[in-house]
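**Q**
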Amino acid sequence: MVRDISAYLTILRSAGFKLTPKRKSVINLFLKEKRTLVPQEVHEKVKRVISPLGLPTIYRILEELSSIGVLVSVVSDERLLSYALCSRPQEHHHHFICRGCKRIEEVDYCGLEDAEKAIQEKLGCRIDSHLFQVEGICSNCLNKKG
Ligand SMILES: [Zn+2]
Ligand SMILES: [Zn+2]
Ligand SMILES: [Zn+2]
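Taking the working numbering, I'd label the letters of the sequence shown as residues 11 to 156.
#1: With DSSP collapsed to three states, give me the class of leucine 63.
#2: How would the residue list near ligand 3 read, in chain order, if you kept each one whose beta-carbon is closer than 5 Å to any heavy atom?
#3: Would you report the Cα separation of glycine 64 and serine 97, rounded to the nearest angstrom?
#4: Is the beta carbon of asparagine 153 within less than 7 Å of some heavy atom of ligand 2?
#5: Kindly list the residues whose CB is nearer than 6 Å to the CB of arginine 33, restricted to its own chain and excluding five residues on each side of it in sequence; keep chain order.
#6: Measure how close the beta-carbons of histidine 104 and valine 117 come, nearest whole angstrom, since I'm counting them as under 8 Å.
#7: How about histidine 56 and serine 35: do their beta carbons lie closer than 8 Å?
#8: So who's on the other strand from isoleucine 147, going by DSSP bridges?
#9: Which residues does DSSP pair with cysteine 108 in a beta bridge?
#10: Which first and last residues belong to the beta strand (DSSP E) in which leucine 91 is found?
#11: Which first and last residues belong to the beta strand (DSSP E) in which glutamate 116 is found?
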């Protein structure tokens, strides 16, 4: 499990990315906030540390980091894209997103191997990846309401 910036440094390096001050500030922000953030929020907050900083740069960094699994992208019901930090980018797993506090939790359960096999047999194709994301209300938020 990754809980500090140094572990992300290794992951970025092995993917051929440098930990530039901008990327570092973005990752630090997510480490601090511990929830999903929309690009505008990231821009707003990172701009206070690094300026000038354009929104397109933030979009590019968010894309880069999600392409190597450091960030997870989440599409809301309003079709807004937001991002959250993944604490184990190098393992196959999935995510639970809380609609209440916007926190994400790592989900070890996959259960899609059988589905992949069945689909491959049916279509005669080879499946390389799949997406599976679950959303709801986390245990913290449930307890607060109870
Ligand atoms: Zn994750
Ligand atoms: Zn919650
Ligand atoms: Zn899976």
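All C-beta atoms, glycine included, are put in the ideal place defined by N, C-alpha and C.
Just so we're clear, the structure is a prediction, and the values are computed from it rather than from any experiment.
**A** Quick answer:
#1: coil
#2: Having a Cβ closer than 5 Å to some heavy atom of ligand 3 are Cys120 and Leu122.
#3: 27 Å
#4: No, ligand 2 has no heavy atom inside 7 Å of this Cβ.
#5: Ile71
#6: 4 Å
#7: Inspection of the sequence shows that residue 56 is occupied by valine rather than by histidine. Yes, these two residues count as a Cβ contact at 8 Å.
#8: According to DSSP, which records beta bridges pairwise, isoleucine 147 is partnered with nothing at all.
#9: Gly146
#10: 91-95
#11: 114-117
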